[in-house]
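Novice:
In my numbering, the protein residues as written are 1 to 295.
Right, dumping it as structure tokens:
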């Protein structure tokens with residue numbers, strides 16, 4: 001017990017610092033959300049006025065709808081594609097082509113995660129350019145000119161183009177996590193299943209997937225939270241446009257803070273987002289523990 005207290009004493013300064021920085025910032029943001037303030041002068045207390053306006057704000061609701069759409073691109077698709085690719089890399093590539101090829105593929109898939117976001121934005125802006133972009137050039141050269149769109153300039157295609165980019169960025173993260181999880185599975189499970197005549201798909205479904213439930217839970221939690229608070233890719237690529245076709249809560253909060261100087265309103269958007277993320281994280285963590293306890 002005494003040694004545990006010593007550990008807590010070592011951790012305590014970091015916890016206090018985190019509480020002061022994160023907690024202080026949240027409380028100040030919460031205070032601003034009850035005020036009308038352009039960013040200078042004295043904030044004017046208006047109570048729940050900003051929150052009442054949020055209920056009538058169509059852009060606010062649309063931004064959350066887009067954020068939930070990005071869950072598909074940043075969480076669900078990368079998770080299940082990454083799980084399948086990780087199994088292929090672990091079961092086939094490393095076995096038949098060696099560890100070097102396996103490592104090269106993992107690094108290649110993970111590379112988009114470590115490329116600076118402005119560089120990623122420039123790359124994808126060029127790929128998606130309506131006139132000189134590689135994607136439209138390929139479509140025109142193969143006779144599919146009618147599919148050559150102004151990808152980021154049209155409401156219907158902008159969110160799709162952003163989603164494709166986000167899948168490209170996120171899938172490497174999921175592959176790395178799942179390959180690490182598969183490396184701790186007892187090989188005797190797979191060997192016994194092979195002796196019983198199980199196919200690869202049966203072994204993947206019955207052995208691999210249940211064994212990587214902890215990694216699956218962590219990936220779904222982190223990627224879902226990242227999708228709901230996404231800002232960087234939208235800011236770099238579309239600024240929430242065209243119109244509000246790709247507007248998301250974090251971007252909408254930023255827009256109100258710095259473009260319209262409605263700091264209190266932007267703080268209200270950020271507060272709602274923070275509360276939603278907190279509730280979602282608690283729910284997912286409890287769900288993860290429930291699954292872990294039942295196994």
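Beta carbons are placed, not taken as given, at the ideal position from N, Cα and C, and that holds for glycine.
Could you check what DSSP says for residue 56 in three-state terms: helix, strand or coil?
Specialist: Residue state, collapsed to three classes: helix.
Novice: Sort out for me which residues DSSP pairs residue 44 with in a bridge.
Specialist: According to DSSP, residue 44 bridges with 36.
Novice: In whole angstroms, what is the alpha-carbon distance linking residue 46 and residue 230?
Specialist: So the alpha carbons of these two residues sit roughly 29 Å apart.
Novice: At which residues does the alpha helix (DSSP H) containing residue 339 begin and terminate?
Specialist: Here the chain comprises residues numbered 1 to 295, so residue 339 is not present and cannot be evaluated.
Novice: Leaving out five residues before and five after residue 243 in sequence, what residues of the same chain have Cβ atoms less than 7 Å from its Cβ?
Specialist: Here the set comprises 155.
Novice: For the pair the stretch 108-116 and the stretch 219-237, tell me if three or more CB-CB distances fall below 8 Å.
Specialist: As far as the Cβ criterion goes, the stretch 108-116 does not touch the stretch 219-237, which means the pair count is below three.
Novice: Whole alpha helix (DSSP H) runs in the stretch 178-227 with 4 or more residues, listed along the chain?
Specialist: With a minimum length of 4 residues, the continuous alpha helix (DSSP H) runs that stay inside the stretch 178-227 are 187-195, 200-203.
Novice: What are the boundary residues of the alpha helix (DSSP H) that residue 126 is part of?
Specialist: Element bounds for residue 126: 117-127.
Novice: My understanding is that residue 272 touches residue 54, with C-beta atoms under 8 Å, so please give their C-beta distance in whole angstroms.
Specialist: That belief holds up - the Cβ atoms of residue 272 and residue 54 are roughly 7 Å apart, short of 8 Å.
Novice: Within the continuous alpha helix (DSSP H) that includes residue 232, where are the two ends?
Specialist: 232-237 is the extent of the alpha helix (DSSP H) around residue 232.
Novice: Counting only runs that start and end within the stretch 59-83, where is the alpha helix (DSSP H) found for 4 or more residues in a row?
Specialist: For the stretch 59-83, not a single whole alpha helix (DSSP H) run of length 4 or above is found.
Novice: Consult DSSP for residue 259 and reduce its assignment to one of helix, strand or coil.
Specialist: Three-state DSSP puts residue 259 in coil, outside helix and strand.
Novice: Does the distance from the CB of residue 209 to the CB of residue 280 come in under 8 Å?
Specialist: Not a contact, by the Cβ cut-off of 8 Å.
Novice: Pick from 268, 147, 146: whose alpha carbon is nearest that of residue 57?
Specialist: Selected option, being the one with the closest Cα: 268.
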